[in-house]
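Numbering (our numbering), first residue to last: 922 to 1087.
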């Protein structure tokens, strides 16, 4: 039997909403879902005495969501800085430090399991953009639509660009 992995907004939104409406807590790493419907789903969870947890949607192994939620209660966030996508960080590091071109660095990242077979969300900037929208929404207490954030990936960066940047 082949297992199907659901990725993206649908039916994840409908399933999550229905669970929360029935008082069932939900844990997700789906950053597209959180960036698009997070505020609504958090409200539904609150109304139904359930939890909507999405720590893994930003930072994966680095806790940032919970600390951000705690810190914003007593502090004003002035800026957000950090490496938001490990795949692009790896690729750029390989280009800068080892002189690999983009395609070679991407293939290496895929071979090592750092990049997915279809790395589009990472290398086109969508992953980092959604994470930034989630963190910004939390930091400033209002919804930030990731569709409104100008986004450009790293697919057009060449070794000439790398040399110039150095």
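Just so you know, even glycine gets a beta-carbon here, dropped at the ideal spot from N, CA and C. Just so you know, these numbers come straight off a predicted model, no measurement behind them.
Please classify residue 939 as buried or exposed, where buried requires at least 16 other C-beta atoms within 10 Å of its C-beta. Here the question's residue 939 lines up with position 18 in the chain shown. That one is exposed.
Provide the residue span of the alpha helix (DSSP H) that contains residue 937, from first to last. Position 16 of the chain shown, counted from the start, is the residue given in the question as residue 937. Unbroken alpha helix (DSSP H) run through residue 937: 933–942.
Do you know whose CA, among 1030, 993, 947 and 1069, lies nearest residue 975's CA? Here residue 975 corresponds to residue number 54 of the chain shown, with the count starting at 1. Ranked by Cα distance from residue 975, the first of 1030, 993, 947 and 1069 is 947.
What number of angstroms, rounded off, separates the C-alpha of residue 1044 from the C-alpha of residue 1079? Taking the first residue of the chain shown as 1, we reach residue 1044 at position 123. Taking the first residue of the chain shown as 1, we reach residue 1079 at position 158. The straight-line gap from Cα to Cα measures roughly 13 Å.
What is the DSSP secondary structure of residue 998, counted as helix, strand or coil? Stepping through the chain shown from its first residue, residue 998 is reached at position 77. Residue 998 carries a coil assignment under DSSP once its states are collapsed to helix, strand and coil.
Starting from the C-beta of residue 1005, find all residues in its chain whose C-beta is less than 7 Å away, skip the five residues before and the five after it, and write them out in chain order. In the chain shown, the residue the question calls residue 1005 occupies position 84. Hits under 7 Å: 1049, 1052 and 1053.
From the DSSP output, which residues share a beta bridge with residue 1085? Within the chain shown, the letter at position 164 stands for residue 1085. Residue 1085 is not bridged to any residue.
Could you tell me which of 929, 953, 972 and 932 sits nearest to residue 942, measuring between CA atoms? To locate residue 942, count along the chain shown from 1; it is residue 21. Comparing Cα-Cα distances from residue 942 to each of 929, 953, 972 and 932, the minimum goes to 972.
Bridge-paired residues (DSSP) for residue 974: On the chain shown, residue 974 is found 53 positions in, with the first residue counted as 1. Its beta-bridge partners are 948.
Rounded separation between residue 1015 and residue 1021 - CA only: Along the chain shown, one-based indexing puts residue 1015 at 94. Along the chain shown, one-based indexing puts residue 1021 at 100. Answer to the nearest angstrom: the Cα atoms are 6 Å apart.
Using a Cβ-Cβ cutoff of less than 7 Å, which residues in the same chain neighbour residue 1055 once the five nearest sequence positions on both sides are dropped? Here the question's residue 1055 lines up with position 134 in the chain shown. 952, 955, 956, 959, 978 and 979, listed in sequence order.
When you compare only the Cα positions, how much space is there between residue 1019 and residue 1076? Start at 1 with the first residue of the chain shown, and residue 1019 comes out as number 98. Start at 1 with the first residue of the chain shown, and residue 1076 comes out as number 155. Taking C-alpha positions only, residue 1019 is separated from residue 1076 by approximately 17 Å.
Out of curiosity, what's the CA-to-CA distance linking residue 964 and residue 970? Reading the chain shown from its first residue, position 43 is the one you call residue 964. Reading the chain shown from its first residue, position 49 is the one you call residue 970. Their Cα atoms are separated by approximately 10 Å.
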